[in-house]
Amino acid sequence: MPYKDPAVQREYQRQWVARRRAEYLSDRCCAECGSRAELQVDHIDPRTKASHRIWSWSEVRLRAELDKCQVLCRTCHEAKSIEQQRITHHRVPYRHGTPSMYNRHGCRCGLCRLWKRHVDAARRGGGQHATVA
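For reference, each letter of the sequence shown is one residue, going 1 to 133 in UniProt numbering.
Put into structure tokens, the structure is as follows:
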């Protein structure tokens, strides 16, 4: 039978999810540093993550998702996430001798300077931008 007041139902569900999460984390510690403060669930391989709203799932489905996870404290989780983002965003190596390397990233290697010289020369001569590489 549904709740008459949706606010009461939302509060009940919020407390139920919080209790379920707290029970799971109650006897665990950070896999990296051993801390028991501010514990969070971290997907070891983020590509296998189905959702972040797992606590209301059935017990079988929840266990299957938690098998892909580890418990980390907030500090270790943030450090891991930052490192993963750094690696992920640099998956494709930057190409030197391109406008983005010179202008956006401030690279001043030989190829990037050569590209800039060609661009400046083309502007002075009234021609089109030259591409190096």
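Cβ coordinates follow ideal geometry from the N, Cα and C atoms, glycine included.
Select from Cys112, Leu66, Tyr12, Ala31 the residue whose C-alpha is nearest the C-alpha of Pro46.
Leu66
What are the residues that DSSP puts in a beta bridge with Val41?
Val71
What is the DSSP secondary structure of Ile82, counted as helix, strand or coil?
helix
For Glu65, which of helix, strand or coil comes out of DSSP?
helix
The alpha helix (DSSP H) enclosing Pro6, as first and last residue numbers
6 to 25
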